[in-house]
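*Asks:* In terms of the numbering used here, the sequence shown opens at residue 1111 and continues consecutively. Note that CB positions come from ideal geometry on N, CA and C, so glycine has one too. Please find one structure pasted underneath; my questions will follow.
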Amino acid sequence: MKAVVVAAGGQVDQLISSYLKEADLLVAADGGAAPLLDLGYVPQAVIGDFDSLPPAAVSYLSQIGCELVRVKREKDETDTELSLRHVLARGANNITLLGALGGRIDHTLANLILLAALAKKGILARAVTPPLTVYAVTETIVVQGTKGDLVSVFPFQGPAVGVTEIGFKYPLTDAYLDPFAVVGISNELAGSEGTIKVKQGVILVFHYSK
């Protein structure tokens, strides 16, 4: 099942409409519901303490039958994390996270950690804020785009072993990526797609599309 979770901290506009149309399940983390409503989309559920969603929007969502899951403000989890748990509990195995990049850098890092946690569970996970898409990968990802697109690969929370990049300007074969080095930055697609593999560890793949 394809799920889209919309966070409250980043850009959400017409550029991401295609992801919304493909979603089997659409969930907003608190204030992430506001741009959805502006774009004409209604989430099936909104999860949060509702500190960043206007009261009028909360009232409207309640009236039209949207599931509102209110949680306490002081908690260990972010609203985005709770929203991800919500879609996982309903069987999602392909998750796109919108509005999760940009804004507060600590929230962006937290969302990348959540992406990595999903990947370790075998979930296909990505965060999208055009023109950037970030994938968390534990095995293989095929990046589709345009020749010259920038693609960076970083090990996350530890070393990455056996990293191979095929279809890139600077190919890589069975490499070891040190978590305290940035050798994987700014590669380029040699054509319309490239394949990235990792044998051990988690990598974050940053794809800037033209």
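1) Is E1298 near V1261, with beta carbons less than 8 Å apart?
2) Roughly how many angstroms lie between the CA atoms of A1235 and A1227, to the nearest whole one?
3) How many whole angstroms separate the CB atoms of A1167 and L1192, which I take to be in contact at a CB cut-off of 8 Å?
4) Buried or exposed: which applies to D1259, given that a residue is buried once 16 or more other Cβ atoms fall within 10 Å of its Cβ?
5) Locate the alpha helix (DSSP H) running through D1148, then write down its first and last residues.
6) Threshold first: 3 residues or longer. Then list the beta strand (DSSP E) segments lying entirely within the stretch 1230-1298, N to C.
7) Please state the DSSP three-state secondary structure of R1195.
8) For T1190, which of V1273, G1175, A1220 has the nearest alpha-carbon?
9) Three or more C-beta pairs closer than 8 Å, one from the stretch 1154-1166 and one from the stretch 1236-1252: is that the case here?
10) Report the three-state DSSP secondary structure of A1133 (helix, strand or coil).
11) Determine, using beta carbons only, whether F1266 and L1314 come nearer to each other than 8 Å.
12) May I ask you to report which of helix, strand or coil DSSP gives V1152?
13) Look at V1271 and Y1286 and say whether their C-beta atoms are less than 8 Å apart.
14) Using DSSP bridges, identify the partner residues of G1158.
15) Can at least three beta-carbon pairs, one atom from the stretch 1114-1122 and one from the stretch 1134-1143, be found at a separation below 8 Å?
16) Please report the residue range of the beta strand (DSSP E) in which V1116 lies.
*Replies:* Taking the structure as given:
1) yes
2) So the two alpha carbons sit approximately 9 Å from each other.
3) Contact doesn't hold; Cβ gap of about 19 Å is too wide.
4) buried
5) That run of the alpha helix (DSSP H) goes 1143-1148.
6) 1234-1239, 1242-1247, 1250-1254, 1260-1265, 1270-1276, 1282-1287
7) helix
8) A1220
9) These segments do not touch.
10) coil
11) yes
12) Coil at V1152, not helix or strand.
13) yes
14) R1180
15) yes
16) According to the DSSP assignment, V1116 belongs to the beta strand (DSSP E) that extends over 1112-1116.
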